[in-house]
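Each residue of the sequence shown is one higher than the one before, starting from 1 at the first, in full-length UniProt numbering. We put the beta carbon where it would ideally sit given N, CA and C, even for glycine. As the structure is a computational prediction, the values presented were derived from the model and not from experiment. Worksheet: the structure to be examined is printed underneath.
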Amino acid sequence: MTEQVSGVRDLSREDLAGCQEIYRRAALESDPHAYSSKQREVWASFADEEGFSDFMMGDGGLVVEKDGAVCGFSSYEENGYIRCLYVSPDFQRSGVGGTLLSIMLNRLTGSPRIWTIASLFSRGLFARHGFTLTETEHKVHRGVAFERYIMDFTSR
Ligand SMILES: CC(C)(COP(=O)(O)OP(=O)(O)OC[C@H]1O[C@@H](n2cnc3c(N)ncnc32)[C@H](O)[C@@H]1OP(=O)(O)O)[C@@H](O)C(=O)NCCC(=O)NCCS
């Protein structure tokens with residue numbers, strides 16, 4: 001079921017190419033000062049890995065379309081984990097990410113735990129929607145270190 005929000009529909013495997021492109025561009029182009037070029041490269045390269053399609057789909061997912069093209073996508077697991085939230089750099093800071101997050105939160109109502117691993121870009125948005133920082137995590141991907149933010153939804 002997709003809630004009646006203009007331009008929002010359920011994600012399907014046919015959205016793979018569009019979501020890969022958004023993912024790559026979001027990693028490479030969103031405020032290039034926030035992450036080093038090496039970090040951005042490693043982040044973007046996951047779009048071309050075999051696991052990307054399953055990562056993108058989750059147990060449920062959503063896309064936002066504008067002018068006939070996908071401009072943002074998100075997915076979650078039924079256990080309450082919000083797995084991904086990506087918006088094309090052409091449409092960031094115009095409410096697309098917040099719309100996707102609100103719908104996911106509605107769908108996950110009743111989950112004992114709703115949580116995510118946020119980036120420097122998304123942590124403020126998650127905080128605005130009632131998430132608080134649980135733990136700062138340090139991960140190394142392909143030899144490059146990343147700081148990530150485990151955040152739990154605490155505004156019930
Ligand atoms: C995080 C992201 C999905 C937000 O989407 P969005 O459509 O811009 O979100 P909204 O317009 O609904 O909300 C904007 C808020 O998001 C956060 N945000 C968006 N872009 C940001 C940036 N470049 N730097 C810091 N915070 C940012 C801020 O809290 C912002 O509020 P503000 O404009 O008042 O500061 C988008 O920036 C993105 O795809 N980033 C790259 C990928 C990423 O980090 N995804 C999260 C992985 S969990």
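Selection from the options that minimises the alpha carbon distance to residue i
| i | options | result |
| --- | --- | --- |
| Glu147 | Gly18, Ala34, Asp10 | Ala34 |
| Gly72 | Ala27, Glu49, Pro32, Lys38 | Ala27 |
| Arg40 | Tyr149, Ser155, Arg142, Met151 | Arg142 |
| Arg107 | Ser6, Leu11, Gly80, Ser12 | Gly80 |
| Phe131 | Lys139, Ala118, His138, Leu16 | Ala118 |
| Leu85 | Ser94, Met56, Glu21 | Met56 |
| Ile114 | Thr99, Gln92, Ile150, Asp10 | Ile150 |
Backbone CA spacing between residue i and residue j [nearest angstrom]
| i | j | result |
| --- | --- | --- |
| residue 160 | Val63 | This structure cannot speak to residue 160, because the chain is shown only from 1 to 156. |
| Ser75 | Met104 | 8 Å |
| Gly124 | Ser94 | 14 Å |
Residue i burial status per 10 Å Cβ neighbour count (16 or more: buried)
| i | result |
| --- | --- |
| Val42 | buried |
| Gly61 | buried |
| Ala145 | exposed |
| Asp54 | exposed |
| Thr154 | exposed |
| residue 159 | Residue 159 lies beyond the range of the chain shown here (1 to 156); nothing can be said about it. |
| Arg83 | buried |
| Asp51 | Inspection of the sequence shows that residue 51 is occupied by Gly rather than by Asp. Looking at its Cβ environment, which holds fewer than 16 other Cβ atoms inside 10 Å, Gly51 is exposed. |
Residue i and residue j closer than 8 Å at C-beta
| i | j | result |
| --- | --- | --- |
| Thr136 | Asp152 | no |
| Gly7 | Glu65 | yes |
| Ser36 | Phe121 | no |
| Asp15 | Val70 | yes |
Task: Pocket of ligand 1 (residues with CB nearer than 7 Å to any heavy atom), chain order - done: This selection yields Ala26, Ala27, Ser30, Asp31, Ala34, Gly72, Cys84, Leu85, Tyr86, Val87, Phe91, Gln92, Arg93, Ser94, Gly95, Val96, Gly97, Gly98, Thr99, Thr116, Ile117, Ala118, Ser119, Leu120, Phe121, Ser122, Gly124, Leu125, Arg128.
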